[in-house]
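Protein chains in written order, with my numbering: chain A, 249 to 608; chain B, 249 to 608; chain C, 249 to 608; chain D, 249 to 608.
Notes for the one structure printed next.
4 protein chains.
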Amino acid sequence: MKNTFGTAVSVTLFGESHGSEIGAVLDGLAPGLPVDEDFIRHQLSLRRPHGKISTARVEADEFRIVSGVFEGHTTGTPLCIIIPNTNTRSGDYSKGLPRPGHADYTAECKYHGFQDYRGGGHFSGRLTAALVAVGAIAISALRRNGITIGTHISSLAGIPDRPFEDIEADLETLDDLLFPVLSTRAGEAMQAAIEQAAAEGDSVGGVLETAVTGLPAGVGEPWFDTVEGVLAHALFGIPAIKGVEFGDGFGFSELRGSEANDPLRVVGGKVVTSTNRNGGINGGITNGMPLLFRCAVKPTPSIFRDQESVDLSTMKNDILSLKGRHDPAIIHRARVVVDSVTAITLCDLLATRFGTDFPV
Amino acid sequence: MKNTFGTAVSVTLFGESHGSEIGAVLDGLAPGLPVDEDFIRHQLSLRRPHGKISTARVEADEFRIVSGVFEGHTTGTPLCIIIPNTNTRSGDYSKGLPRPGHADYTAECKYHGFQDYRGGGHFSGRLTAALVAVGAIAISALRRNGITIGTHISSLAGIPDRPFEDIEADLETLDDLLFPVLSTRAGEAMQAAIEQAAAEGDSVGGVLETAVTGLPAGVGEPWFDTVEGVLAHALFGIPAIKGVEFGDGFGFSELRGSEANDPLRVVGGKVVTSTNRNGGINGGITNGMPLLFRCAVKPTPSIFRDQESVDLSTMKNDILSLKGRHDPAIIHRARVVVDSVTAITLCDLLATRFGTDFPV
Amino acid sequence: MKNTFGTAVSVTLFGESHGSEIGAVLDGLAPGLPVDEDFIRHQLSLRRPHGKISTARVEADEFRIVSGVFEGHTTGTPLCIIIPNTNTRSGDYSKGLPRPGHADYTAECKYHGFQDYRGGGHFSGRLTAALVAVGAIAISALRRNGITIGTHISSLAGIPDRPFEDIEADLETLDDLLFPVLSTRAGEAMQAAIEQAAAEGDSVGGVLETAVTGLPAGVGEPWFDTVEGVLAHALFGIPAIKGVEFGDGFGFSELRGSEANDPLRVVGGKVVTSTNRNGGINGGITNGMPLLFRCAVKPTPSIFRDQESVDLSTMKNDILSLKGRHDPAIIHRARVVVDSVTAITLCDLLATRFGTDFPV
Amino acid sequence: MKNTFGTAVSVTLFGESHGSEIGAVLDGLAPGLPVDEDFIRHQLSLRRPHGKISTARVEADEFRIVSGVFEGHTTGTPLCIIIPNTNTRSGDYSKGLPRPGHADYTAECKYHGFQDYRGGGHFSGRLTAALVAVGAIAISALRRNGITIGTHISSLAGIPDRPFEDIEADLETLDDLLFPVLSTRAGEAMQAAIEQAAAEGDSVGGVLETAVTGLPAGVGEPWFDTVEGVLAHALFGIPAIKGVEFGDGFGFSELRGSEANDPLRVVGGKVVTSTNRNGGINGGITNGMPLLFRCAVKPTPSIFRDQESVDLSTMKNDILSLKGRHDPAIIHRARVVVDSVTAITLCDLLATRFGTDFPV
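So, in structure tokens, the structure goes:
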């Protein structure tokens, strides 16, 4: 299975950047969940480029729900959302030179030249719009069950945001921010760094940090279908993500066990941990504490500086000068994609655990 | 599927730390691959505890191949290896207090008290012996096809090893090291740090760095079955791994696109990249360069210091004092587990790509 | 996974009978296969109702290929085909009484009343149009590799067609027949039986028999992914199919081993069997002889006679009188659906065996 | 996945007829289910050859539970059962001539000569002992939840058993029968037919009919994961099964819709059908009526008559004369295998529907 992910709840993704439409099929979601098209629109708006720090290609994202919704609720059958591509300028792209950092060369190796190369084709970040559209329904479904997901840019170009403090309140703050940071000052510095990179024809990367509250304990599996493994599998599907860590992640390498182990205690009749360095997961299974993870986002590979590449038809070295419309940073736009993929994956884990009527 | 992983080539893991036997079934491997029991023994020896820096529980790991091998070669049918547990001291364990950082509490939530709690039961690192045994066959199979895997401790307790330089030569060096580092001096400092932690009843974590050479370009899928996603899924199944990053991983967050993009060029009639910050993968698909990734390994949660825990029968706070035999560090032993899981996963990706006769 | 089937090559189906559109995503097909829209149209025409023996609801089936095709060839990425529903008369349907023999009552149990009940919703045979559209591409792909699939009505309402004789020639004959039988006379009798049933407000069932030539030996797996098991899994997904048998199938029950075993012999340097009672499969694996199987098709459950049902809102017995447009037989239309599902499944089995570049 | 089947509950099978041991891993079963080793022994005894109508190779089937059971209950982690092969006479087998009707030739094609050919190797019916052992636990688990499975020989060598009448009572009758028929007289005739065939060095086939009572309505999926499709997939994994039909199955071909549709009515506040021609499934989903299906079992291919075969080393036609110990019929022994595979598959479907704590 290649462009389908999930077991009890699964998502299938299709389309190309410069094709007529893109879309996604979300299958296995419980019947009877209310579908709020305004919320889908809201989520898509968080992904859409805005202002100077994003590409000038702005898509209306006029989605339509083709199946799986009846009288305003999910039916429980496959829910397909289609989004037309309208603002394509295919002339900006030619196949000649593979772009460094992109999938152009690997697509050539895998598809033997038959891939749709325009705008990255099937590899384009454009397809994440479809993930966001169906993800919105998963996010709503989880919220009805007391499960909230939120993500901020924890660092960009070396500039750190403040860490999560009061997670519930922080997640609420993040909800409507187009540039999702917890510290306004850090956000301004980050945006200045993006503009600076853009002015130099360059791009920047960063780290996204996600928190999920309200997850029940006992979800996930030992060994292979750990919550970490399943989530990471899905998250690495998002273009530009090159690292995923849970809790203290790579920070654990400098800790001792006495610091890394989260002490258990009873609070209000419930077992909790007084720290959460393990990010809400032990042995691959949720422990009821907030799920915490971070994704490394590499700088957008499309830049306006000359780059070394190879003319695959002649097998000669050449210089690539990109034209077109590109993002000097995509991390702020990737945030809602991470939330969406997380929501879909958690719906899968929860429906696997509690059956196909979950989330209710 | 819970304790089975993979599609074209899959592994199923079973057993408990204090049960009679543990084992693994490796299915889908091509027929006709030579099976070298000495190499399996060698690999198991790399995982076995040695000296002061490891637990005193040493298992003979007298494996037996139950199926799938005939006249010294794989048959192509499920290959099951069983390893008896001999050196168990179940009396060292009682169920009372869940150990912080372990899966004890989450197992209780998931299995409602029916789990075998002795020595961590099914969650025990002991089961990795079975992964190493079947993984040895996958590693051999890949080597026959020119694909080499190796891992070193890139940092431990804040002490860095030198990075990979000449990867092929470095991998050869690592092969027989019980404590896998590239710099002898760094290795000595690391072992001293482990002994120091052990003396204080504590434990240390670190980072493992893996390289794979010889992979063909064009393996992996866009979106969900990216090489990153599939490998990370498997790697997070290894106990104590809390982060996985490819290429520069989290380091990308401080780079610009002009630094992060690996320039393409032709060398010897072949397309290569002059740097390898993307770790041999673009768009989820191998590009023919060495595959590079790092795993964050948290400190062993079993420590000899008093820890806060909860008596689940009374739901009262309590203090846990661990006895038994534990590792002050498992990272050097986890190395061969990472190699094994990587080999199995790559066999899966390659057999998916090239068919069930691969590797040959 | 619910509405997705397959591993190396998979199909995802979505839509409802009275929704705006239906569609299917075919993923994993090799890149570079020519896509012939006329052939898709031809295949859809074989499924479309014709004349007195079918429903009066005729859909134009104006499909569009949304993704996965570029410059006339498959790209290797997900190929989505969308077909609008145009000729819906939703007023013909109300939810009140579940129709005997249909999925109405079971859908109510499963989806708790949220299903789109109009025209059978997601369960409608209408969705098979999408399967036929993507199946056409799989059929073409197999033909390029010398693999031909064909199906005839081997019996209907007790009237038998003649069996396959010269399979290659018979398959060619069947290609363009709207009513697929090998004996014209049998076909006329069958059609008369359908008209008779229709005149009485009733419907008829039958048996479809399929042959596939050109399959290589050695495809399929022992135990669970037998060719029989995988194909049957897919075929039972087709509405109204209630039995699947391979080779002599249920006829084996009256044979002795000496009759049932197909003798092996060498012909033209190739191992063949002199009979083919096992339908081209031994031990779940193809033996290079034609694949032969039969599907039992139950009579269309939509009939115009009064039927006993239950008003689920009052839980009282009631009498159902159906209106609307229905087929007195669907077996002749189901034929191309069987061919399509078979082709998709065989592409999956072949790509699993020979890798993702197959079929070429 | 090849020798693993299932999603929420899965089974992995390994071993060869003449290897040291065979075994199966049953994963995903809920924790806390009592494990009754006597019942496993009882089930194995139903599969073991008895008297003149079976092979003289009798195995003690001294199984051991290696994992997944603790203090008499399932833990919820993988449950592995191992059964040693003791009574092997490998000398009875040589590789030379592939046996008609067996997997010898297809195994050669698939495994390129590396398969363990002794006694059919991995294809041997011997492996069904491991399925029966783990299946016993699934059968017990379902019974605790009011779900009962039973199978009789509905016909053998053309001799019919009486059909199910009072299903609950009939299933109870079948429980302890070594030769599972509802009519004693039919059973005697069948056994005489087997002995007659044996005397002539031949073998017979038949049909097994299974009923399952107590299944809740609303289990299964439309399109691909229909109850029919999933069960058939698993059942075709059992050696010698060449056809599977649900309800009236192939008998539907001679019915009209007015006969085939099961009228719905309310009885005791519950919706039932007054007939059950659809075998408890509509639209792929259970309707709460007994599940009914039949499996065609071909005659054992091992017979003592001369058969045509091919010497694969010389590619010359040759005559095969089998020696060794073989069953003139395996249908009575296959019965408990069908029950076991059915139980495992239903546990999977139910755990998928109701979550991993089901069956309780």
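C-beta: ideal position from N, C-alpha, C; glycine also.
Hey, is the region 461 to 477 of chain D in contact with the region 527 to 539 of chain D, meaning 3+ C-beta pairs nearer than 8 Å?
yes
Minimum length 4: unbroken alpha helix (DSSP H) runs contained in the region 273 to 320 of chain D:
285 to 295
Of the residues B/Gly349, B/Arg366, B/Asp284, B/Ala355, the one placed nearest B/Gly267, counting alpha carbons only
Here residue 267 of chain B corresponds to residue number 19 of the second sequence, with the count starting at 1. Closest option to B/Gly267, Cα to Cα, is B/Arg366.
Between which two residues does the alpha helix (DSSP H) harbouring A/His574 extend?
Counted from its first residue, the first sequence places residue 574 of chain A at position 326. Here A/His574 belongs to no alpha helix (DSSP H), and DSSP marks it neither H nor E.
Chain-ordered residues of the region 251 to 263 of chain D with a beta carbon less than 8 Å from chain B
Asn251, Thr252, Gly254, Thr255, Ser258, Thr260, Leu261, Phe262, Gly263
Mind pulling the alpha helix (DSSP H) runs of 4 or more residues that sit fully within the region 323 to 363 of chain B?
352 to 359
Let me check one thing: in DSSP terms, what residues is D/Cys543 bridge-paired to?
Taking the first residue of the fourth sequence as position 1, residue 543 of chain D is located at position 295. Partner(s): D/Leu456, D/Val492.
Cβ-based burial, D/Arg374 [other Cβ within 10 Å; buried from 16]
Here residue 374 of chain D refers to the residue found at position 126 of the fourth sequence. Looking at its Cβ environment, which holds 16 or more other Cβ atoms inside 10 Å, D/Arg374 is buried.
Exposed or buried, what is B/Ser388 when buried is set at 16 or more other beta-carbons lying within 10 Å of its beta-carbon?
Working through the second sequence from its first residue, we reach residue 388 of chain B at position 140. By the 10 Å Cβ count, B/Ser388 comes out buried.
Determine the closest residue to B/Gly505 out of A/Thr399, A/Gly453, A/Pro428, with distance taken between C-alpha atoms.
As a working mapping, residue 505 of chain B is identified with position 257 in the second sequence. Selected option, being the one with the closest Cα: A/Gly453.
Please name the residue, chosen from D/Leu379, D/Gly280, D/Pro547, D/Thr474, that lies closest to D/Leu456 on a Cα-to-Cα basis.
What you label residue 456 of chain D is simply residue 208 of the fourth sequence in a count that begins at 1. Closest by alpha carbon: D/Pro547.
On a Cα-Cα basis, can you pick out the residue from B/Ala377, B/Glu416, B/Ala434, B/Leu425 that is closest to B/Ser207?
What is shown of chain B runs 249 to 608, which leaves residue 207 of chain B out entirely.
Only counting the same chain, and skipping five residues up and downstream in sequence, which positions put a Cβ closer than 7 Å to that of C/Leu261?
In the third sequence, counting from the first residue as 1, residue 261 of chain C sits at position 13. So the qualifying residues of the chain are Asn251, Ala272, Leu375, Ala378, Leu379.
What does DSSP give as the partner residue(s) for C/His400 in the beta ladder?
As a working mapping, residue 400 of chain C is identified with position 152 in the third sequence. For C/His400, which the question treats as bridged, DSSP gives the partners C/Glu457.
Show which residues of chain A have a CB atom less than 9 Å away from the CB atom of C/Lys358.
Your numbering for residue 358 of chain C matches position 110 in the third sequence. Chain A residues near C/Lys358: Pro279, Gly324, Thr604.
Residue range of the beta strand (DSSP E) that A/Arg513 falls in?
Looking up residue 513 of chain A in the first sequence gives position 265. Here the beta strand (DSSP E) through A/Arg513 covers 512 to 515.
A/Val584 (DSSP reduced to helix, strand or coil)
If you number the first sequence from 1, residue 584 of chain A lands on position 336. Reduced to three states, the DSSP call for A/Val584 is helix.
Please confirm whether D/Gln363 has its beta-carbon closer than 8 Å to some beta-carbon of chain B.
Here the question's residue 363 of chain D lines up with position 115 in the fourth sequence. For D/Gln363, the answer is yes, since a Cβ of chain B falls inside 8 Å of its Cβ.
Counting pairs of Cβ atoms below 8 Å between the region 277 to 288 of chain C and the region 314 to 334 of chain C, do you hit three or more?
yes
DSSP three-state call for C/Glu264: helix, strand or coil?
Working through the third sequence from its first residue, we reach residue 264 of chain C at position 16. Coil.
Contact with chain D by A/Thr600, beta-carbon distance below 8 Å:
Against the first sequence, residue 600 of chain A aligns to sequence position 352. Yes, A/Thr600 counts as interfacial toward chain D.
Check distances from the C-beta atoms of the region 441 to 472 of chain C to those of chain B and list, in chain order, the residues that come in under 8 Å.
Pro470
Note down, in chain order, each residue of its chain lying with its Cβ closer than 6 Å to the Cβ of B/Ala405, except the 5 sequence neighbours on either side.
Position 157 of the second sequence, counted from the first residue, corresponds to residue 405 of chain B. Answer for B/Ala405: Ala441, Val452, listed in chain order.
Beta-carbon proximity of C/Asn333 to C/Ile270, cut-off 8 Å
In the third sequence, counting from the first residue as 1, residue 333 of chain C sits at position 85. In the third sequence, counting from the first residue as 1, residue 270 of chain C sits at position 22. Yes, Cβ-Cβ distance for C/Asn333 and C/Ile270 is below 8 Å.
Whole-Å CB distance - A/Thr590 paired with A/Leu479, under 8 Å assumed:
Within the first sequence, residue 590 of chain A is the residue found at index 342, counting from 1. Within the first sequence, residue 479 of chain A is the residue found at index 231, counting from 1. Contact flag correct, Cβ pair sits at about 7 Å.
My understanding is that B/Met438 touches B/Ile486, with C-beta atoms under 8 Å, so please give their C-beta distance in whole angstroms.
The residue given as residue 438 of chain B occupies position 190 in the second sequence. The residue given as residue 486 of chain B occupies position 238 in the second sequence. Actually they do not touch by this definition, with Cβ atoms about 20 Å apart.
CB contact below 8 Å: D/Val586 versus chain B
Residue numbering aside, residue 586 of chain D sits at position 338 when the fourth sequence is read from its first letter. Cβ-Cβ to chain B under 8 Å: no for D/Val586.
What in chain A is Cβ-close to B/Asn526, meaning under 7 Å?
Position 278 of the second sequence, counted from the start, is the residue given in the question as residue 526 of chain B. Result: Gly349.
Alpha helix (DSSP H) segment containing B/Ser557, residue limits
Along the second sequence, one-based indexing puts residue 557 of chain B at 309. Note, B/Ser557: premise wrong, no alpha helix (DSSP H); beta strand (DSSP E) at 555 to 559.
Mapping DSSP to helix, strand and coil, what is D/Arg410?
On the fourth sequence, residue 410 of chain D is found 162 positions in, with the first residue counted as 1. If DSSP states are grouped into helix, strand and coil, D/Arg410 belongs with coil.
Expected contact under 8 Å - CB spacing of C/Leu463 and C/Leu539 to nearest Å:
Position 215 of the third sequence, counting from 1, holds the residue named residue 463 of chain C. Position 291 of the third sequence, counting from 1, holds the residue named residue 539 of chain C. Right, their Cβ atoms sit about 6 Å apart.
Just to check my reading of the structure: D/Leu560 and D/Glu356 have Cβ atoms closer than 8 Å, yes? What is that Cβ distance to the nearest angstrom?
Indexing the fourth sequence from 1 puts residue 560 of chain D at position 312. Indexing the fourth sequence from 1 puts residue 356 of chain D at position 108. Correct: roughly 6 Å between the Cβ atoms.
Tell me which residues of the region 271 to 305 of chain A have at least one Cβ-Cβ distance to chain C shorter than 7 Å, keeping chain order.
Gly271, Val273, Asp275, Gly276, Pro279, Gly280
Checking contacts by CB at 8 Å: is C/Phe552 closer than that to chain A?
Numbered from its first residue, the third sequence carries residue 552 of chain C at position 304. Output row for C/Phe552: interface = no.
Could you say which of D/Ile592, D/Leu292, D/Arg573, D/Leu294 lies nearest to D/Ala446 if we only look at CA atoms?
Your numbering for residue 446 of chain D matches position 198 in the fourth sequence. When only C-alpha atoms are compared, the closest one is D/Arg573.
According to DSSP, what are the bridge partners of B/Glu269?
By one-based count along the second sequence, residue 269 of chain B stands at place 21. B/Glu269 pairs with B/Pro332.
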